[in-house]
Amino acid sequence: MAKERVLTGITTTGTPHLGNYVGAIRPAIEASRNPALDSFFFLADYHALIKCHDPKLVQQSTREIAATWLALGLDTDNTTFYRQSDVPEIMELCWVLTCLTAKGLMNRAHAYKAAVQANEQAGEDADKGIMMGLFSYPVLMAADILMFNGKRIPVGKDQIQHVEMARDIAQKFNHTFKTSLFDMPEAVVDDTVAVLGGLDGRKMSKSYNNTIPLFSTEKKLQKNINKIKTNLLEPGDAKNTDDSTVFEIWQAFASPEQVVYMREQYAQGIGWGQAKKELAALINDEIGQARLRYDELMLNGDFIEQELQKGAAKARGYAAELLSKVREAVGIIPIAK
Ligand code: TRP
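53 is the number that the working numbering gives to position 30 of the sequence shown; each next residue is one higher, with no gaps.
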């Protein structure tokens, strides 16, 4: 039986944080070890340009994200791990798909609509500051997915609409050119993985500036954890686990026994300082070894680059073949004799 193809991208605009790790990276690395799955994971660096025009940041983020995935033990033989910009076929496909995508479909994309709404609320011109990259971003995402006939697309809830749009675009292509070149992708949202709260209790996210970086020094990790907002209960006061970000993060790293243990500690009135100390130690247990590898990798750009080139070669093999079929389907072929 053909292996099922799992594909997902990571936009290279930030430093990986605990929320990324628990929600996306850890499950993806587990999938990378599952021989029944054929995983494609890529650094979406052209997506980064949609929201970031700081070349240093894009470059740095690409390095950090690649080093993070490798340090955590991504199996690059059993998966295809690549950088979007190393596969120019994706950009070519993106144009073909752009020519088949209704503007009206893009008008409905959440990210674009939110930007328009923000302008309107501010009394500005609806399109102020909105670039074509943001507007047609779902087409690039469709190209990322369809280029490899990705079937299962693990994403956060905010990305479901984009995967649905990729389906629409695939259907339009297949129908227009009477082919079945593209499979229909499906968004996979894993409800069993935790969405972590950040320092202020809102969802941990770069856009809220409330993240805890995954790999900093042990000391900085503790410092960051100490910044998590808690209530004013004193040591000795029983505490509620339900509204506690510290407990939420604990749960994401703990074994079932450790969850029971911390529940008891809360009931018995563990002090926040102590709970935070134990939380940092728990996280360290899981990522301590990987942190050492990460620090080494960050100093070894050549190795990271080599791994990415290995992935790009694999990815391009597949992409080139599919792209030549796409070109043929649309009539972009050599002149007949
Ligand atoms: N847009 C996605 C995000 O911001 C990242 C991404 C780019 C992606 N291309 C993709 C995810 C293709 C899945 C499939 O999270």
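We treat Cβ as the ideally placed atom computed from N, Cα and C, and that holds for glycine.
Source: prediction; values computed, not measured.
Requested in this report: Pair every Cβ in the stretch 244-255 with every Cβ in the stretch 290-305, then say whether three or more of these pairs are closer than 8 Å.
Outcome: yes
Query raised in the report: Considering only the beta carbon of each residue, do Arg-339 and Val-119 sit closer than 7 Å?
Result: no
Query - Whether Leu-219 touches Asn-233 by CB criterion (7 Å) - result: no
Report task. Examine the ligand TRP and report whether any of its heavy atoms sits within less than 6 Å of the Cβ of Ile-192. Result -> no
**Report entry** Cβ neighbours of Asp-213 in the same chain (closer than 7 Å, five flanking residues each side left out)
**Finding:** Within the same chain, Asp-213 has close Cβ partners Pro-50 and Pro-177.
Query - Own chain residues within Cβ distance below 7 Å of Ile-73, not counting five before or after - result: Gly-156, Leu-157 and Tyr-160
Query raised in the report: Would you report the Cα separation of Val-349 and Glu-209, rounded to the nearest angstrom?
Result: The straight-line gap from Cα to Cα measures roughly 21 Å.
Query raised in the report: DSSP three-state call for Val-212: helix, strand or coil?
Result: coil
Report task. Reducing DSSP to helix, strand and coil, say where Val-178 ends up. Result -> coil
Report task. Taking Ile-33 as part of the beta strand (DSSP E), name the residues at either end of that continuous run. Result -> 27-34
Query raised in the report: Is Ala-189 close to chain C, meaning its C-beta is less than 7 Å from at least one C-beta of that chain?
Result: This model lacks chain C altogether, as it is built from one protein chain only.
Report task. With a 10 Å radius around its C-beta and 16 neighbouring C-beta atoms as the bar for buried, classify Arg-131 as buried or exposed. Result -> Exposed, since its Cβ has fewer than 16 Cβ neighbours within 10 Å.
Requested in this report: Helix, strand or coil for Leu-15, going by three-state DSSP, please let me know.
Outcome: Outside the displayed span of the chain (24 to 360) sits residue 15, for which this structure offers no information.
Requested in this report: Pull up the DSSP beta-bridge partners for Gly-220, would you.
Outcome: Lys-226
Query - Inter-residue CB distance, Ile-48 and Pro-58 (contact presumed, cutoff 8 Å) - result: With a Cβ gap of about 20 Å, Ile-48 and Pro-58 do not count as contacting.
Requested in this report: Could you spell out where the beta strand (DSSP E) holding Arg-106 opens and where it closes?
Outcome: 102-106
Requested in this report: State the start and end residues of the unbroken alpha helix (DSSP H) segment that holds Gln-288.
Outcome: 279-290
Query - Distance between Leu-256 and Val-29 (C-alpha atoms, nearest Å) - result: 45 Å
Query raised in the report: Among the residues of its own chain, which have a CB less than 8 Å from the CB of Thr-199, if the five just before and after it don't count?
Result: The answer, listed in chain order, is Leu-123.
Requested in this report: Kindly indicate the opening and closing residues of the alpha helix (DSSP H) around Met-129.
Outcome: It spans 126-130 - the alpha helix (DSSP H) in which Met-129 sits, taken as one unbroken run.
Query raised in the report: If you compare alpha carbons, which of Lys-180, Gly-37 and Leu-128 is closest to Asp-77?
Result: Nearest neighbour of Asp-77 by Cα position, chosen from Lys-180, Gly-37 and Leu-128, turns out to be Gly-37.
Query raised in the report: Between Leu-163 and Asp-150, what straight-line distance do the alpha-carbon atoms span, to the nearest angstrom?
Result: 20 Å
Report task. Could you have a look at His-185 and say whether DSSP puts it in helix, strand or coil? Result -> helix
Query raised in the report: Can you find a heavy atom of the ligand COA that lies under 6 Å from the Cβ of Thr-103?
Result: What this structure holds is the ligand TRP, not the ligand COA.
Query - Distance between Leu-41 and Gln-312 (C-alpha atoms, nearest Å) - result: 16 Å
Query raised in the report: Looking at the structure shown, is Asp-61 part of a helix, part of a strand, or coil, going by DSSP?
Result: It is a strand residue.
Query raised in the report: Is there contact between the stretch 314-323 and the stretch 283-301, where contact requires at least three CB pairs shorter than 8 Å?
Result: no
Query raised in the report: In the DSSP assignment, what are the bridge partners of Pro-236?
Result: Pro-236 is bridged to His-40.
Query raised in the report: What does a CB cutoff of less than 8 Å around Leu-331 pick up in its chain, not counting 5 residues either side in sequence?
Result: Leu-66, Ala-89, Phe-104, Tyr-105, Arg-106 and Asp-109
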